[in-house]
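For reference, the structure discussed in these notes is given below.
Protein chains: 2
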Amino acid sequence: MVKRKENSTSSLNENYWKENCGITRTLCLIGGHWKINILAFLLKEKILRYHELRKRLHGISERMLIAKLKELENDGLVTRTVYQQVPPKVEYSLSELGSSLESIIQLMDHWGETH
Amino acid sequence: MVKRKENSTSSLNENYWKENCGITRTLCLIGGHWKINILAFLLKEKILRYHELRKRLHGISERMLIAKLKELENDGLVTRTVYQQVPPKVEYSLSELGSSLESIIQLMDHWGETH
DNA sequence: TAGGATACTGACAAAAAAGTAAGTATGGTG
DNA sequence: CACCATACTTACTTTTTTGTCAGTATCCTA
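Here the protein sequences line up with chains A and B, keeping their order. So for the first sequence, full-length UniProt numbering puts the first residue at 1; every next one is plus one. So for the second sequence, full-length UniProt numbering puts the first residue at 1; every next one is plus one.
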């Protein structure tokens, strides 16, 4: 995890837009690389284990998958359930908030397929 | 303009997803920083000159604005009209393809405002 | 003839995102 | 006791994106 500089022009500017623009807020949550793909798989398959996601997200590295899952979890879009057993078992699914993105995700998918 | 490496893992991977996933294709066109904000202003105000866009996009640099407008134009989302006069006058507006993103943009805006 | 207005362009540097590869933990199995 | 499976973690490097800032072109006006 690399922390961002807090006083870079980019950071300050991003904060301004997050405070003043709904689109920017939405994009911050789902816009990064992989995030919306993760959400889309969870939307389709409801519950997926870590390595099941990994298999579906062709080309993702473990580092990225973990990082993006953590962001999605911190933002409240994804729920992480840990089963106390060995070997470990962790399941991911959409939270209620995550599910509320369904129509956006479907529209984007449909638009991409038809244009 | 800095050109990307064509054989980096990221590039190859991006190509794979563009070919196989509608969401990724959509996100490539509207997902980058500023792009959807530009589209949103054009959606609202129909036609804007270069420096009018610049005033609205708080904090954007000229370099970024030009770069993003060029990407949007190359992707066929935005139409650029040059008037041969001095000082120069250039107008930007949504193409038909760009306008077809309206519902996605509105949904994202609405979602960001309510969540 | 020196600005002014508008829409850019280019070189260089900083910041952010992503890739690579090796390591951690733990109980069960051979 | 070595090894397996699963879900991560960490340090380091490369790639990509963005910021900064000075410069270009052209006709008009003072």
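Note that CB positions come from ideal geometry on N, CA and C, so glycine has one too. What you are looking at is a predicted structure, and each value in this text was computed from that prediction instead of being measured.
For residue i, which residues of its own chain have a beta-carbon under 8 Å away from its beta-carbon, when the five flanking residues on both sides are left out?
{"i": "A/Ser93", "result": "Leu42, Lys46, Ile47, Leu48, Val78, Thr79 and Thr81"}
{"i": "A/Glu71", "result": "Gly32 and Lys35"}
{"i": "A/Val90", "result": "Arg49, Tyr50, Arg80, Thr81, Val82 and Tyr83"}
{"i": "A/Ala40", "result": "Ile105 and Asp109"}
Contact defined as beta carbons within less than 8 Å: I believe residue i pairs with residue j. What is the distance between those atoms, to the nearest angstrom?
{"i": "A/Tyr37", "j": "B/Cys21", "result": "At residue 37 of chain A the sequence reads Asn, which differs from the Tyr that was named. With a Cβ gap of about 7 Å, A/Asn37 and B/Cys21 count as contacting."}
{"i": "A/Gly76", "j": "A/Leu101", "result": "Not really, about 11 Å apart at Cβ, beyond 8 Å."}
{"i": "B/Leu57", "j": "B/Leu69", "result": "Incorrect: roughly 10 Å between the Cβ atoms, too far for contact."}
{"i": "A/Ser103", "j": "B/Leu107", "result": "6 Å"}
Once the 5 residues before and after residue i are set aside, which same chain residues still bring their CB inside 7 Å of it?
{"i": "A/Ile60", "result": "Trp34 and Arg54"}
{"i": "B/Lys5", "result": "Ser11"}
{"i": "B/Lys18", "result": "Thr24, Arg25 and Cys28"}
{"i": "B/Ser73", "result": "Note that residue 73 of chain B is Glu in the sequence shown, not Ser. Only Arg80 meet the Cβ criterion."}
For residue i, which residues does DSSP report across the bridge?
{"i": "A/Arg49", "result": "A/Glu91"}
{"i": "B/Tyr83", "result": "B/Lys89"}
{"i": "B/Val78", "result": "B/Leu94"}
What separation, rounded to the nearest whole angstrom, lies between the Cα atoms of residue i and residue j?
{"i": "A/Arg25", "j": "B/Lys3", "result": "29 Å"}
{"i": "B/Leu12", "j": "B/Val86", "result": "44 Å"}
{"i": "B/Arg63", "j": "B/Glu52", "result": "15 Å"}
{"i": "B/Gly112", "j": "B/Lys44", "result": "17 Å"}
{"i": "A/Ile23", "j": "A/Ala67", "result": "23 Å"}
{"i": "A/Pro88", "j": "B/Thr114", "result": "37 Å"}
{"i": "A/Asn7", "j": "A/Glu14", "result": "11 Å"}
{"i": "B/Ile30", "j": "A/Tyr16", "result": "20 Å"}
Please go through the same chain and pick out, in chain order, the residues whose beta-carbon is closer than 6 Å to the beta-carbon of residue i, but skip the five residues on each side of it.
{"i": "A/Ser99", "result": "none"}
{"i": "B/Thr9", "result": "none"}
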